[in-house]
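S.K.: Every letter in the sequence shown is one number past the one before it in our numbering, and letter 59, counting from 1, is 59. The beta-carbon is built from N, C-alpha and C at its ideal position, and this holds for glycine as well.
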Amino acid sequence: MSNPLNQPDTIWLLFRGQELLVKADDSSFPLQANSTLLPLLNNPNYHVTWYQEQAVLVTHIDEQLPPPEGYHFQHLRALLTQINQEQFALAGMASQVLEWAKSHRFCSRCGTATMPHPQGDRALVCPSCQYSQYPRINPCVIVAISKDDTILLARAQRFNRPMYSLLAGFVEAGETLEQAVAREVLEEVGVQLKNIRYFGSQAWPFPSNLMLGFTAEWASGDLVLQEEEIMDAQFFRYDALPQIPPAGSIAYQLIHATVTELAQKYR
Ligand SMILES: [Zn+2]
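1) Hey, quick one: how far does the alpha helix (DSSP H) through Met-163 stretch, first residue to last?
2) Give the range of the alpha helix (DSSP H) segment to which Ile-250 is assigned.
3) So, for Tyr-164: in the same chain, excluding its five sequence neighbours on each side, which residues have a beta-carbon less than 7 Å away from its beta-carbon?
4) Of the residues Ala-33, Arg-105 and Val-48, which one's Cα is nearest the Cα of Leu-41?
5) Look up Met-1 in the DSSP assignment and say whether it is helix, strand or coil.
6) Who's in the neighbourhood of ligand 1, going by beta-carbon under 5 Å from any heavy atom, listed in chain order?
7) Just to confirm before moving on: does the CB-CB distance between Val-171 and Val-143 stay below 9 Å?
8) Quick one: what's got a C-beta closer than 8 Å to Leu-265's C-beta in the same chain, skipping five residues either side?
9) Leaving out five residues on either side along the sequence, give the residues of the same chain with a beta carbon under 6 Å from the beta carbon of Ala-24.
10) Whose C-alpha, out of Pro-8, Asp-26 and Gly-92, is nearest the C-alpha of Thr-49?
11) Considering just the uninterrupted stretch of the alpha helix (DSSP H) at Phe-88, what are its terminal residues?
12) Quick check on the burial criterion: 16 or more other C-beta atoms within 10 angstroms. Buried or exposed for Ala-113?
13) Leaving out five residues before and five after Ala-263 in sequence, what residues of the same chain have Cβ atoms less than 6 Å from its Cβ?
14) In its own chain, which residues sit with a C-beta less than 8 Å from the C-beta of Glu-53, not counting the 5 before and 5 after it?
15) Where do the ends of the beta strand (DSSP E) carrying Ala-203 lie?
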């Protein structure tokens, strides 16, 4: 698929799976096309956004290719702790556009191969039944639960290091966000909540979630863990936390805001 925005001054984000190609000396991106990068730009590309008045395109690099001289690959998750929020948002947006294009090559209604939207909207259109497929974003709630001077943190079975984070889960069809928070927490640790309040959100490109952060207070119930998902969960005192997720994630922001508030109240 050629893109009319693909001009000499276009800037690029190049992914190999969930790894982004960055300059080896300073990990910078997006990248201006040059003689080293041009041979890598053969795959279909997609417009992401505008950056300093230039079009930003994203494309993927074939899995087996090594990075060219002067560049290396960095996983999106590793970049989270190394770059600012604006840069991470740009990389995340590009990654989600690419993921969407990769998973919507065919019409989900009739199976015909899709084509780019004729007016350049971010949609893949079916030439047979005209069904338009837009980027899919999966809403996911995440909640910081406090009880007296403690915060509830859980170690998920899927964590491969001894890290504790907040409970989180996908919103189901027909649910409000508050209902999703209450249901997830009841399912995973058997606890009832009160004062569920919206905190803030973060695009989370793994691969295309929107994290919706909440705070809440424990209302009733002892911790009863859903063992297939949760290895351990405890109420930790605000000044005695275990290893938590890295700064930059909304989980970190929620934990930080909650323990700061608890410290002010209980110090
Ligand atoms: Zn169709």
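M.R.: In short, the structure shows the following:
1) Locating residue 163 in the sequence shown gives position 163, where the first residue counts as 1. Note, Met-163: premise wrong, no alpha helix (DSSP H); not H, not E.
2) What you label residue 250 is simply residue 250 of the sequence shown in a count that begins at 1. Segment 250-266, the alpha helix (DSSP H) holding Ile-250.
3) Against the sequence shown, residue 164 aligns to sequence position 164. In the same chain as Tyr-164, and ignoring 5 residues on each side of it, the C-beta atoms closer than 7 Å to its own belong to Leu-153, Ala-154, Arg-155, Pro-242, Gln-243 and Ile-244, in chain order.
4) The count along the sequence shown starts at 1 and reaches residue 41 at position 41. Of the listed residues, the one whose Cα sits closest to Leu-41 is Ala-33.
5) Along the sequence shown, one-based indexing puts residue 1 at 1. Unreliable placement is indicated for Met-1, whose pLDDT of 44 sits below 50; the coordinate value is still reported in the next sentence. Met-1 falls in the coil class under three-state DSSP.
6) Matched residues: Cys-107, Arg-109, Cys-110, Thr-112, Cys-126, Ser-128, Cys-129 and Tyr-131.
7) To locate residue 171, count along the sequence shown from 1; it is residue 171. To locate residue 143, count along the sequence shown from 1; it is residue 143. Contact: no.
8) As a working mapping, residue 265 is identified with position 265 in the sequence shown. Rather than Leu, the amino acid found at residue 265 in this sequence is Lys. Within the same chain, Lys-265 has close Cβ partners Asp-149.
9) Walking along the sequence shown from the start, residue 24 turns up at place 24. Result list for Ala-24: Gly-70, Tyr-71 and His-72, in chain order.
10) Your numbering for residue 49 matches position 49 in the sequence shown. Selection Pro-8, Asp-26 and Gly-92 evaluated against Thr-49 yields Gly-92 as nearest (Cα-Cα).
11) Residue 88 sits at position 88 when you count from the first residue of the sequence shown. Counting along the chain, Phe-88 sits inside the alpha helix (DSSP H) bounded by residues 85-103.
12) Numbered from its first residue, the sequence shown carries residue 113 at position 113. Under this definition Ala-113 is an exposed residue.
13) Against the sequence shown, residue 263 aligns to sequence position 263. Contacts found: Tyr-238.
14) Mapped onto the sequence shown, residue 53 falls at position 53. Cβ neighbours of Glu-53 beyond the five flanking positions: none.
15) What you label residue 203 is simply residue 203 of the sequence shown in a count that begins at 1. 192-204 is the span of the beta strand (DSSP E), which, as asked, contains Ala-203.
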